[in-house]
Amino acid sequence: MSESENINQKIDSVVHQLIKEQLANLSNSSNTKNNSFAYLEKGTLNLLIAYLMSGGKSQTGEIGDEEIEIKIIKQLDEMLEDSKEQFEEVISLLKKLS
Numbered sequence: 155m156s157e158s159e160n161i162n163q164k165i166d167s168v169v170h171q172l173i174k175e176q177l178a179n180l181s182n183s184s185n186t187k188n189n190s191f192a193y194l195e196k197g198t199l200n201l202l203i204a205y206l207m208s209g210g211k212s213q214t215g216e217i218g219d220e221e222i223e224i225k226i227i228k229q230l231d232e233m234l235e236d237s238k239e240q241f242e243e244v245i246s247l248l249k250k251l252s
């Protein structure tokens, strides 16, 4: 089992435990008045409904996602190296001037 699957299972078990606790609290406190409410804006509400409708299961990404991430990381590394070289050039020029 991969690490991400293990983390997902732990999160699922925590969520299920919280749901059980909430349902137990509902049945225990059914006689008390509860005037609580929450407003959800449209985007959050749609996201919550979509999550609940999907059963809370995460979709696996496309095969190319990992390759794209690797390319992006390589590009970032190259950009950082270029920036470092340029920064060192500026520092050396400033040292020459002072």
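Just so you know, our numbering puts the end of the sequence shown at 252, numbered straight through with nothing missing. Glycine included, C-beta positions come from ideal geometry on N, C-alpha and C. Small disclaimer: the values here were computed from a predicted structure and weren't measured.
Using the three-state DSSP reduction, which class does residue i fall into: helix, strand or coil?
i	result
Ala-192	coil
Gly-197	helix
Ser-158	helix
Ser-252	coil
Ser-208	coil
Please return the same chain residues whose Cβ sits closer than 6 angstroms to the Cβ of residue i, not counting the five positions on each side in sequence.
i	result
Val-169	none
Val-244	none
Ser-158	none
Rounded to a whole number of angstroms, what is the C-alpha to C-alpha distance between residue i and residue j?
i	j	result
Gly-209	Leu-202	11 angstroms
Gln-176	Glu-220	38 angstroms
Lys-225	Ala-204	31 angstroms
Ser-246	Met-233	20 angstroms
Lys-228	Lys-250	33 angstroms
Which residue's Cα is closest to the Cα of residue i: the options?
i	options	result
Leu-206	Asp-166, Lys-249, Leu-251 and Met-233	Asp-166
Using a Cβ-Cβ cut-off of 7 angstroms (strictly less than) and excluding sequence neighbours within five positions of residue i, which residues of its own chain qualify?
i	result
Tyr-193	none
Thr-198	none
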